[in-house]
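Notes follow the structure.
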């Protein structure tokens, strides 16, 4: 379970009498940090988790106290939720969250708080917007506030804005309407309650309008002492379940809490898988199909070519005419053509024999060369001095010669 603590002077509306949020009023003249930390420690012991609700328009101090309590108590089970709502709507949302805290996890309650803020229709009737600070107001509306007898309808829920009430258009443009049945709560501070009962209540189709005590911070929020504050919400038993049905929850990557926000409200871990909603891409225009080619119209009978008659071969029967060949054959010449001389048989045999002989000799030479040893490297011959000088050669002596050696005959006298 989760304890819901509403920080500020926001009394309960009394709609949910049995389950109401804890109220913690901080006095600005004292050091409230010890009191706030003690309250958080007590709530943690009782429930295990604390959800601190505070107004966005007056939450700077509460935001610092939440951080201080988380650091002092060394825990991440304290979550702060700032809601931009007027006093009555803020008090109502805190009580609704307390009612649902028995059935939901702390992170789911944070998502529910934001969904309730969007579903409630809150606003006020005010006599002037000159002192309105928490809702954007145009310059024309500020100037109109100084005119006598003027009144304005200010909306603070979905579609916040300022509308000047006139006889032609007494209500602001219709916005998001709560789910039936619609309940209406309002408080009066010297305002025009007839406008609320006869104009606003029929417009939102409220089945009941309940008046409650004014909130202490109502005049501070609306910037005037004459106002009628209201809030319209759904009284359907399944209203909370219908709001959560539109949320997509996923487990936090750090603490495991089911969340539907980009950041976990407990451990403050940013979710890596939080992706924006994809923008729908318009489909491309279909490509027009090519038109079929036009079919030529048949020619009139006067312009048609005459049909060919069947071929008659003279034998009483009709056959298809002979087809004309694509290539006309060229007639061959009957003149004698020169022929190449034919070799004689004897020449062929002689040629074959010579070739065979050469081949046989070449084979023997190769075989002999393989058997011989490789020759030693030749060296230059040197002359032998013992041989002496070669004899001189004399020509014309009539003696036989063999090369450079002369054979001298023996002496004939002997």
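Residue numbers (the numbering used here): 34 to 447.
Glycine included, each C-beta is placed from N, C-alpha and C at the ideal position.
Bear in mind the structure is a predicted one, so any value in this text is a computation, not a measurement.
Could you tell me the distance, in whole angstroms, from the CA atom of residue 164 to the CA atom of residue 255? For the purposes of this step, residue 164 is identified with residue 131 of the chain shown, where counting begins at 1. For the purposes of this step, residue 255 is identified with residue 222 of the chain shown, where counting begins at 1. Approximately 7 angstroms between the Cα atoms of the pair.
I need the DSSP call for residue 116, collapsed to helix, strand or coil. Counting from 1 along the chain shown, the entry for residue 116 is found at position 83. Residue state, collapsed to three classes: strand.
Have a look at residue 121 and residue 299 and give me their C-alpha separation to the nearest angstrom. Translated into positions along the chain shown, residue 121 becomes position 88. Translated into positions along the chain shown, residue 299 becomes position 266. Looking at the two C-alpha atoms, the distance is approximately 27 angstroms.
For the candidate residues 88, 133, 222 and 114, whose alpha-carbon lies nearest to that of residue 53? As a position in the chain shown, residue 53 is number 20, starting the count at 1. Of the listed residues, the one whose Cα sits closest to residue 53 is 133.
Helix, strand or coil at residue 254 according to DSSP, with G and I counted as helix: Reading the chain shown from its first residue, position 221 is the one you call residue 254. Helix.
Would you kindly check if the distance between the Cβ of residue 302 and the Cβ of residue 286 is under 8 angstroms? Numbered from its first residue, the chain shown carries residue 286 at position 253. Numbered from its first residue, the chain shown carries residue 302 at position 269. Cβ atoms of residue 286 and residue 302: closer than 8 angstroms.
What I want to know is whether the C-beta of residue 137 ends up closer than 7 angstroms to one or more non-hydrogen atoms of the ligand GDP. Although the ligand GDP was asked about, the structure shown includes no ligands whatsoever.
In angstroms with no decimal places, state the Cα-to-Cα distance between residue 176 and residue 193. As a first step, residue 176 is located in the chain shown; it is residue number 143 there, counting from the start. As a first step, residue 193 is located in the chain shown; it is residue number 160 there, counting from the start. Distance between the alpha carbons of residue 176 and residue 193: 19 angstroms.
Would you call residue 160 buried or exposed, if buried means 16 or more other Cβ atoms sit within 10 Å of its Cβ? Within the chain shown, numbered from 1, the residue matching residue 160 stands at position 127. Its Cβ being crowded by 16 or more others within 10 Å, residue 160 is buried.
Who are the near neighbours of residue 243 in its chain, counting only those whose CB is closer than 6 angstroms to its CB and skipping five residues on each side? For the purposes of this step, residue 243 is identified with residue 210 of the chain shown, where counting begins at 1. Only 218 meet the Cβ criterion.
Whole angstroms is fine: what's the gap from residue 167's alpha carbon to residue 253's? If you number the chain shown from 1, residue 167 lands on position 134. If you number the chain shown from 1, residue 253 lands on position 220. Roughly 10 angstroms separates the two Cα atoms.
Do residue 38 and residue 72 have their beta-carbon atoms positioned less than 8 angstroms apart in this structure? Position 39 of the chain shown, counting from 1, holds the residue named residue 72. Position 5 of the chain shown, counting from 1, holds the residue named residue 38. Cβ atoms of residue 72 and residue 38: closer than 8 angstroms.
Short check: CB of residue 101 to CB of residue 66, under 8 angstroms? Counting from one through the chain shown, the residue named residue 101 turns up at place 68. Counting from one through the chain shown, the residue named residue 66 turns up at place 33. Yes, the pair counts as a contact, with Cβ atoms nearer than the cut-off.
Other residues of its chain near residue 258: CB distance less than 6 angstroms, five sequence neighbours each side excluded: Numbered from 1 along the chain shown, position 225 holds the residue referred to as residue 258. 252.
Per-residue DSSP class, three states only, for residue 43: Here residue 43 corresponds to residue number 10 of the chain shown, with the count starting at 1. Reduced to three states, the DSSP call for residue 43 is coil.
Residue 105 - containing alpha helix (DSSP H), residue span: Counting from 1 along the chain shown, the entry for residue 105 is found at position 72. Residue 105 -> alpha helix (DSSP H) spans 93 to 106.
Spatially closest choice to residue 147 from 191, 215, 56 and 245, by CA coordinates: For the purposes of this step, residue 147 is taken as the residue at position 114 of the chain shown. It is 191.
Give the DSSP bridge partners of residue 217, in chain order. Residue numbering aside, residue 217 sits at position 184 when the chain shown is read from its first letter. In DSSP, residue 217 forms a bridge with 242 and 265.
Could you please give me the residues that DSSP links to residue 167 through a beta bridge? Sequence index remark: in the chain shown, residue 167 carries index 134 (1-based). DSSP output for residue 167 lists no bridge partner at all.
Considering residue 78, what are the terminal residues of the alpha helix (DSSP H) in which it resides? By one-based count along the chain shown, residue 78 stands at place 45. Residues 66 to 80.
What residues are listed by DSSP as bridge partners for residue 284? In the chain shown, the residue the question calls residue 284 occupies position 251. DSSP, once it has assigned bridges, lists 291 as partnering residue 284.
How big is the Cα-Cα spacing for residue 40 and residue 187? Reading the chain shown from its first residue, position 7 is the one you call residue 40. Reading the chain shown from its first residue, position 154 is the one you call residue 187. In a straight line, the C-alpha of residue 40 is about 25 angstroms away from that of residue 187.
Check whether the region 126 to 141 and the region 195 to 211 touch, using three or more Cβ-Cβ pairs below 8 angstroms as the test. no
Just checking my contact of residue 280 with residue 152 at CB under 8 angstroms: how many whole Å lie between their CB atoms? Walking along the chain shown from the start, residue 280 turns up at place 247. Walking along the chain shown from the start, residue 152 turns up at place 119. Incorrect: roughly 13 angstroms between the Cβ atoms, too far for contact.
Just how far apart, CA to CA, sit residue 232 and residue 57? By one-based count along the chain shown, residue 232 stands at place 199. By one-based count along the chain shown, residue 57 stands at place 24. If I take the Cα positions, the gap works out to 36 angstroms.
Cα-Cα separation, residue 292 to residue 113: Within the chain shown, residue 292 is the residue found at index 259, counting from 1. Within the chain shown, residue 113 is the residue found at index 80, counting from 1. Cα to Cα, the separation comes out at about 15 angstroms.
Could you tell me which residues DSSP puts in a beta bridge with residue 194? Walking along the chain shown from the start, residue 194 turns up at place 161. Paired residue(s): 188.
Which residue wins for smallest C-alpha separation from residue 260, given the options 250, 283, 50 and 215? What you label residue 260 is simply residue 227 of the chain shown in a count that begins at 1. It is 250 whose Cα lies nearest to the Cα of residue 260.
Quick one: Cα of residue 44 to Cα of residue 204, how far? Position 11 of the chain shown, counted from the start, is the residue given in the question as residue 44. Position 171 of the chain shown, counted from the start, is the residue given in the question as residue 204. Roughly 29 angstroms between the two C-alpha positions.
Extent of the continuous alpha helix (DSSP H) run through residue 143: On the chain shown, residue 143 is found 110 positions in, with the first residue counted as 1. Segment 139 to 152, the alpha helix (DSSP H) holding residue 143.
Nearest-angstrom Cα separation, counted from residue 304 out to residue 209: As a first step, residue 209 is located in the chain shown; it is residue number 176 there, counting from the start. As a first step, residue 304 is located in the chain shown; it is residue number 271 there, counting from the start. Going by the C-alpha atoms only, they are around 30 angstroms apart.
Which partner residues does residue 155 have in the DSSP bridge list? Start at 1 with the first residue of the chain shown, and residue 155 comes out as number 122. In the DSSP output, where bridge partners are listed per residue, residue 155 has 264.
Excluding five sequence neighbours on each side, which residues of the same chain lie with their C-beta closer than 7 angstroms to the C-beta of residue 310? Numbered from its first residue, the chain shown carries residue 310 at position 277. With a pLDDT of 43 at residue 310, under the threshold of 50, the modelled position of this residue cannot be trusted; read the value that follows with caution. Cβ neighbours of residue 310 beyond the five flanking positions: none.
For residue 36, write down the residues that DSSP places opposite it in a beta bridge. Here residue 36 refers to the residue found at position 3 when the chain shown is read from its first residue. Per DSSP, 83.
Reduced DSSP category for residue 51 - H, G, I as helix; E, B as strand; rest coil: Walking along the chain shown from the start, residue 51 turns up at place 18. Three-state result, residue 51: coil.
How big is the Cα-Cα spacing for residue 115 and residue 93? Position 82 of the chain shown, counted from the first residue, corresponds to residue 115. Position 60 of the chain shown, counted from the first residue, corresponds to residue 93. Distance between the alpha carbons of residue 115 and residue 93: 10 angstroms.
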